[in-house]
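Beneath this line is the structure, given in structure tokens, with notes to follow.
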Amino acid sequence: MSKVSTATCKQALAQAWTLTFDADLATLAGKWKRISKRGKKGEAIERVFFHDTLPLQALVVEKDDAIVETIIRGFAPFDAPEESASEAEMKMAERASSNAGFEFLEKYPLFRPCDFLFQMCTEEEAARDGHTWYLLFPTTDFGRGEAQYDEQLDYLIASHLPEGDGEVCEGTFCSALSVSACEAALRSSGFIASSEWTATSKRASADGDD
């Protein structure tokens, strides 16, 4: 079996591109740079890529000399830790914060529900406020790292929310459903309760090109 290389990963990313974008932006499907690699033989080996021109990141997972998972995800401002962001992450965050970046991230479904944690209001809070509400918290490192963020989120995840739900202020969403029905809908879509989640991120630095 041939060795998995950066070139092999880029081929996998080109195939995954059509699942995300259909025929859109086809000329950009191969424009990736590898940022990091972690893991060793006998374990899962993970390579992270950043796109050359778009606010996109990707994770390619290798196991037993074969690619077993390829994830293309948007890169949002919260993906660059304020105090520890690398130069590459800062550049990506600037790209994501631009008007063009905002429109791009809003247009395509680049985040999964499992990239976000939720916290429901209580029945008492819903009765007091006259409606059900919940908080959403983004994660980093493909759903494995914590993010500190208090800006708008709906443009990243609106297509996965219960119908009619909307962001009433940064990270806080209102729903016409009951508390229990709303929680069930969020869980069914793939959102994760914050009380049931533990950070497992082990961010790696860049190394060679294989």
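If you use this note's numbering, the sequence shown corresponds to residues 76 to 285, in order. Ideal placement from N, C-alpha and C gives every residue a C-beta, glycine not left out. Predicted, not measured: the structure shown is a model, and the values here were computed from it.
Contact check, residue i vs residue j, beta carbons under 8 Å
i    : j    : result
D190 : G220 : no
F186 : L231 : yes
G105 : K78  : no
M195 : E258 : yes
F96  : P188 : no
T215 : S161 : no
Backbone secondary structure at residue i - three-state DSSP
i    : result
E271 : helix
G176 : helix
A222 : coil
P156 : coil
A98  : coil
E47  : There is simply no residue 47 to check, as the chain begins at 76 and stops at 285 in what is shown.
E242 : strand
S77  : coil
T93  : helix
H126 : strand
S111 : strand
Close-in-space but distant-in-sequence residues of the same chain around residue i (CB under 8 Å, 5 per side omitted)
i    : result
F248 : W208, Y209, L210, L211, D229, L236, D240, G241 and E242
D282 : Annotation note: pLDDT 46 at D282 (below 50); position unreliable, no value reported.
Nonlocal neighbours in the same chain, by C-beta distance under 6 Å from residue i, ignoring five residues either side
i    : result
V143 : V136
G114 : I120 and E121
W92  : A104
Whole-number beta carbon distance between residue j and residue i, since they are thought to touch under 8 Å
i    : j    : result
T128 : L88  : At roughly 14 Å, the Cβ-Cβ gap does not stay under 8 Å, so T128 and L88 are not in contact.
E226 : E245 : 6 Å
T145 : A133 : 7 Å
M165 : D154 : The Cβ separation is near 11 Å, so there is no contact.
D193 : S269 : The amino acid occupying residue 193 in the given sequence is Phe; Asp does not appear at that position. Rounded, the Cβ-Cβ distance is 7 Å, consistent with contact.
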